[in-house]
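If you read the sequence shown in full-length UniProt numbering, its first letter stands for residue 1, the second for the next number, and so on. Read through the structure below, which is laid out as structure tokens, and then see the notes.
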Amino acid sequence: MRIKGSKNAEKLTRRDFLKSSAITTAGAALTWPTIITSSVLGANAPSNRITIGCIGLGAQGSWTIRGFMSQPGAQVVAICDVDTNHREKAQNAAGLNSKSSYNDFRELLARNDIDAVVVAAPDHWHVPISIAAAKAGKDIYCEKPLTLTIGEGRALCNTVKRYGRVLQTGSQQRSDSRFRFACELVRNGRIGKLHTIRVEIPRNTRPNPLDWQVEEVPKGFDYDMWLGPAPWAPYTKHRCHYEFRFIFDYSGGQITNWGTHYLDIAQWGNGSDYTGPVEIVGRGQFPKDGLFTTATKMNVEYNYA
Numbered sequence: 001m002r003i004k005g006s007k008n009a010e011k012l013t014r015r016d017f018l019k020s021s022a023i024t025t026a027g028a029a030l031t032w033p034t035i036i037t038s039s040v041l042g043a044n045a046p047s048n049r050i051t052i053g054c055i056g057l058g059a060q061g062s063w064t065i066r067g068f069m070s071q072p073g074a075q076v077v078a079i080c081d082v083d084t085n086h087r088e089k090a091q092n093a094a095g096l097n098s099k100s101s102y103n104d105f106r107e108l109l110a111r112n113d114i115d116a117v118v119v120a121a122p123d124h125w126h127v128p129i130s131i132a133a134a135k136a137g138k139d140i141y142c143e144k145p146l147t148l149t150i151g152e153g154r155a156l157c158n159t160v161k162r163y164g165r166v167l168q169t170g171s172q173q174r175s176d177s178r179f180r181f182a183c184e185l186v187r188n189g190r191i192g193k194l195h196t197i198r199v200e201i202p203r204n205t206r207p208n209p210l211d212w213q214v215e216e217v218p219k220g221f222d223y224d225m226w227l228g229p230a231p232w233a234p235y236t237k238h239r240c241h242y243e244f245r246f247i248f249d250y251s252g253g254q255i256t257n258w259g260t261h262y263l264d265i266a267q268w269g270n271g272s273d274y275t276g277p278v279e280i281v282g283r284g285q286f287p288k289d290g291l292f293t294t295a296t297k298m299n300v301e302y303n304y305a
């Protein structure tokens with residue numbers, strides 16, 4: 001994957017970085033979400049804790065919820081997942097009772113005692129849940145990829161603006177000082193004039209299920225709710241949880257799985273966060289058989305003004 005650099009990459013100083021981080025960062029160094037505690041801002045932290053509801057409690061959601069639980073300025077008060085096993089584990093970890101554990105995210109959003117939500121459901125649910133959260137008056141921390149299409153992105157941004165909410169998308173590398181420092185060097189000309197950025201993302205090592213079979217939906221798993229806005233499809237364990245990432249109805253493959261991280265850093269170093277490319281040309285190889293439908297190989301070129 002190649003990105004041709006901008007001629008006018010904006011310089012990034014430490015002062016600029018610290019200023020922007022204080023306003024927008026919800027991811028702590030390396031992986032944890034960062035909460036700027038009330039005491040730092042001069043208020044009484046214990047009496048002004050941010051109450052959080054977590055929607056989606058798989059691998060990433062469980063990781064994120066532990067990060068918020070470790071912050072003295074935040075309190076996880078509700079959880080939601082369509083998988084009973086996920087809910088029970090998170091409920092025990094957060095010290096909650098069954099009344100604060102939900103199968104349907106809309107019930108969680110109806111609570112008036114929740115300030116913000118973490119959206120870590122499968123990718124095809126990110127925008128519908130985030131839009132519903134904004135309309136319910138909640139601020140939002142949504143895991144990457146924030147959206148799957150440009151249209152979804154515009155709809156979400158417009159809704160967040162209309163309802164005056166705060167939205168942060170989760171991207172660990174943005175919160176890693178090593179990536180920030182590298183981008184700082186590039187944007188301040190320490191490696192010379194930037195003309196080309198090459199980005200390589202990991203390939204999918206999960207085998208495409210060529211002989212997958214329709215299976216019985218496991219007890220305690222609300223498969224219809226999991227599908228949600230996606231087209232109906234027969235259940236197989238390979239369709240859900242981690243492997244949904246390689247089926248276009250729910251995700252975009254490795255470019256939305258890992259590409260969101262590395263392409264984001266490329267744009268950060270290029271100083272093109274608010275402009276983006278003027279042209280995108282791409283090609284890829286796609287499975288002819290099996291369950292997975294996303295590209296197995298790709299070559300994409302982004303051109304910048």
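All C-beta atoms, glycine included, are put in the ideal place defined by N, C-alpha and C.
Ignore the nearest five residues each way along the sequence and tell me which others in residue i's own chain have a CB closer than 7 Å to its CB.
i	result
residue 85	220
residue 303	4, 277, 278, 279
residue 238	209, 212, 291
residue 222	82, 103
residue 289	210
residue 179	173, 265
residue 243	206
residue 224	none
residue 254	201, 202, 203, 204
Note down, in chain order, each residue of its chain lying with its Cβ closer than 6 Å to the Cβ of residue i, except the 5 sequence neighbours on either side.
i	result
residue 165	134, 139
residue 264	171
residue 298	284
residue 15	Note on residue 15: pLDDT 39, under 50, position unreliable in the model; the coordinate value appears next. Around residue 15: no qualifying Cβ.
residue 259	201
residue 42	With a pLDDT of 48 at residue 42, under the threshold of 50, the modelled position of this residue cannot be trusted, and the question is left open.
residue 160	134, 167
residue 296	285
residue 268	183
residue 152	127
Taking Cβ to Cβ, would you say residue i is nearer than 8 Å to residue j?
i	j	result
residue 68	residue 77	no
residue 156	residue 131	yes
residue 261	residue 173	yes
residue 54	residue 90	yes
residue 270	residue 194	yes
residue 246	residue 203	no
residue 79	residue 94	yes
residue 50	residue 116	yes
residue 118	residue 191	no
residue 217	residue 266	no
residue 249	residue 231	yes
residue 87	residue 100	no
Are there 16 or more other CB atoms within 10 angstroms of the CB of residue i, so buried, or fewer, so exposed?
i	result
residue 110	exposed
residue 294	buried
residue 213	exposed
residue 122	buried
residue 177	exposed
residue 124	buried
residue 184	buried
residue 286	exposed
residue 114	buried
residue 144	buried
residue 56	buried
residue 61	buried
residue 272	buried
residue 321	In the structure as shown, the chain begins at 1 and stops at 305. Residue 321 is therefore absent and cannot be evaluated.
residue 98	exposed
residue 70	exposed
residue 137	exposed
residue 281	exposed
residue 187	buried
residue 105	buried
residue 305	exposed
residue 52	buried
residue 24	Because residue 24 sits at a pLDDT of 38, beneath the cut-off of 50, its placement in the model cannot be relied upon, and the following sentence gives the value as read from the coordinates. Exposed: under 16 other Cβ atoms inside 10 Å.
Along the beta strand (DSSP E) that carries residue i, what are the first and last residues, could you check?
i	result
residue 74	74 to 80
residue 161	Not the beta strand (DSSP E): residue 161 falls in the alpha helix (DSSP H), residues 150 to 162.
residue 235	Counting along the chain, residue 235 falls outside any beta strand (DSSP E), and DSSP gives it neither H nor E.
residue 215	Element bounds for residue 215: n/a, residue is neither H nor E.
residue 301	297 to 303
residue 191	From DSSP, residue 191 is part of no beta strand (DSSP E); its letter is neither H nor E.
residue 140	139 to 143
Within the continuous alpha helix (DSSP H) that includes residue i, where are the two ends?
i	result
residue 227	223 to 227
residue 54	First-last for residue 54: 50 to 55, but that is the beta strand (DSSP E), not the alpha helix (DSSP H).
residue 307	In the structure displayed, the chain extends from 1 to 305; residue 307 sits before or after that span and is not available.
residue 184	177 to 187
residue 64	59 to 69
Spell out whether any CB of chain B is found under 8 Å from the CB atom of residue i.
i	result
residue 294	The question asks about chain B, but that chain is absent: this structure has only one protein chain.
Ignore the nearest five residues each way along the sequence and tell me which others in residue i's own chain have a CB closer than 8 Å to its CB.
i	result
residue 148	123, 124, 126, 127, 251, 252, 256
residue 228	124, 125, 128
residue 236	209, 212, 213, 214, 215, 291
Practice item. Give, in chain order, every unbroken run of the alpha helix (DSSP H) that is at least 4 residues long and sits entirely within the region 87 to 134. Key: Taking 4 residues as the minimum length, the alpha helix (DSSP H) runs contained wholly in the region 87 to 134 are 105 to 109, in order along the chain.
Point to revise | beta strand (DSSP E) segments (min. 3 residues) lying fully within the region 237 to 285 | key: The beta strand (DSSP E) runs of length 3 or more contained entirely in the region 237 to 285 are, from start to end of the chain, 279 to 285.
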